[in-house]
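With UniProt numbering as the guide, the letters of the sequence shown map in order to residues 1 to 308. Each residue gets a CB set at the ideal place from its N, CA and C atoms; glycine is no exception.
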Amino acid sequence: MENENNTIKMYNLNEFNHLKYLLNSNVRTKILISLYEGEKSVITLKNIVKKPSATISQALRLLLNLELIKKEKKIISLSSKGTVVVANIIKLIETWHMFVKEEKFWITHKASHIPHKLFKKIHLLRGCQYVQCDENNINKTLSVFNNLIRKSRKIKMFLPIYSHKHLEIILKAIDNDLLELEIILNKEILSQILESEFKNDFEYAVEENKIKFHLTDKKNHIFLVTGSNFVFLGLFLKDGFFDDSTIILGQNEDNLEWGKELFNNLKGVEEISIEDSENNYIIQPIFPKKDIKIEGETKISFKNGMLF
């Protein structure tokens with residue numbers, strides 16, 4: 001096992017050194033990214049890179065030695081290894097650019113609750129907008145949220161906190177037959193909803209199949225809403241408080257793909273039904289893996305098809 005770990009460490013070190021070596025040269029990087037778009041002649045590469053012939057020739061020899069490119073007659077193309085390496089270089093550049101562009105946001109917010117699998121793909125958020133409240137519009141992010149909901153027919157949501165203003169917008173749209181909701185939340189937030197002024201509206205929407213919800217034990221610090229043409233992402237500040245003054249709004253295809261995958265990753269449980277069981281109120285998945293019990297003053301059950 002020790003030898004295997006040493007081999008892995010050496011392999012990672014070699015890969016890191018290769019990557020550092022490539023990124024240290026604008027010429028090598030430009031050649032590789034250009035070839036990622038398709039094979040090219042040496043003359044075409046010279047026109048793209050705009051460097052002396054000797055510099056281009058030296059870079060091509062080094063890339064050939066690293067087996068990142070291949071040459072047939074005067075046509076240069078990426079090898080299989082080169083294609084993988086360049087794809088990772090592009091991801092790294094896009095991710096770095098995104099973090100540098102909005103450095104203050106990522107420094108002040110907790111990104112650690114974004115699942116590792118999704119964080120590795122965070123370059124897919126390229127092109128997204130960072131919407132921020134200011135002194136001229138202190139409700140800017142809420143206004144954006146309201147407009148998105150009004151134009152949507154179906155949304156999916158991960159709700160990490162009880163947020164009165166967001167729930168009010170969503171339940172109003174549902175009450176007007178304008179929206180269907182799939183939502184992930186934990187037992188604590190569900191209890192707060194059922195103890196709030198939204199209790200009746202929430203119960204009715206569940207009964208009418210306008211709300212499908214999933215219970216989770218996770219307490220991820222991620223506020224996520226996805227629709228057919230948007231992903232709305234809010235994070236918590238480093239001090240643990242939810243920041244509703246700045247959100248990430250994505251609307252391109254890659255943004256939507258990332259948001260959809262994040263929601264599915266956070267879901268983690270099947271659709272649930274709710275039953276009364278004497279003094280314990282048991283929330284059971286339709287295909288139950290295990291029972292989740294809620295005890296105490298909050299009663300969560302179905303009676304005549306209604307939550308109470």
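**OP:** Quick one: using the 10 Å Cβ neighbour count with 16 as the cut-off for buried, is P52 buried or exposed?
**Re:** With fewer than 16 other beta carbons inside 10 angstroms of its own, P52 counts as exposed.
Original post:
Which residues mark the beginning and the end of the beta strand (DSSP E) in which F158 is found?
Top reply: Element bounds for F158: K154 to F158.
Subject >> Own chain partners of F105 with C-beta closer than 7 Å, once the 5 adjacent residues on each side are dropped >> reply: If the five residues before and after F105 are omitted, its C-beta is found closer than 7 Å to the C-beta atoms of Y130 and T246, all from its own chain and listed in chain order.
Original post:
Given a threshold of 16 other Cβ atoms within 10 Å of its Cβ, counted over all protein chains shown, does L307 qualify as buried or as exposed?
Top reply: Note that L307 has pLDDT 38, beneath the 50 cutoff, so the model's placement of it is unreliable and no number is given.
Original post:
What's the C-alpha gap between E168 and K212?
Top reply: Cα to Cα, E168 sits roughly 17 Å from K212.
Original post:
For D177, which three-state DSSP category applies?
Top reply: Coil at D177, not helix or strand.
Subject >> L63 versus I69: straight-line alpha-carbon distance, rounded >> reply: Between L63 and I69, the C-alpha separation is close to 6 Å.
Subject >> Inside the segment 167-233 only - alpha helix (DSSP H) runs reaching at least 4 residues >> reply: Taking only runs of at least 4 residues, the alpha helix (DSSP H) segments lying wholly in the segment 167-233 are 187-194 and 199-207.
**OP:** Go ahead and pull the three-state DSSP assignment for F45.
**Re:** The question names Phe, yet the displayed sequence has Leu at residue 45. Note: L45 maps to helix in three-state DSSP.
Original post:
Based on Cα-Cα distance, which residue from K165, F242, F223 and H214 lies nearest to G268?
Top reply: If we check each option's Cα against that of G268, H214 comes out closest.
Original post:
Quick one: Cα of I248 to Cα of A173, how far?
Top reply: Approximately 22 Å between the Cα atoms of the pair.
Original post:
I155 and L181 look like a contact to me (Cβ under 8 Å); what is the Cβ gap, rounded to whole Å?
Top reply: I155 to L181, Cβ: 6 Å. Contact.
**OP:** Report the option in Y36, S112 and S163 whose CA atom is closest to the CA atom of L142.
**Re:** If we check each option's Cα against that of L142, S163 comes out closest.
Original post:
Do you know how far the Cα of R126 is from the Cα of H97?
Top reply: Roughly 9 Å separates the two Cα atoms.
**OP:** Label I149 either buried or exposed according to how many other C-beta atoms from any shown protein chain fall within 10 Å of its C-beta, with 16 as the threshold for buried.
**Re:** Classification of I149: buried, given that the 10 Å Cβ count is 16 or more.
Original post:
Enumerated in chain order, which unbroken segments of the beta strand (DSSP E) with a length of 3 residues or greater are wholly contained in the segment 71-159?
Top reply: Within the segment 71-159, the complete beta strand (DSSP E) runs of at least 3 residues are 75-78, 129-132 and 154-158.
Subject >> Any 3 or more C-beta pairs closer than 8 Å across the segment 221-241 and the segment 191-204 >> reply: Verdict: no, contact absent.
Original post:
Got a sec, what are the start and stop residues for the alpha helix (DSSP H) G259 sits in?
Top reply: Residues E253 to K267.
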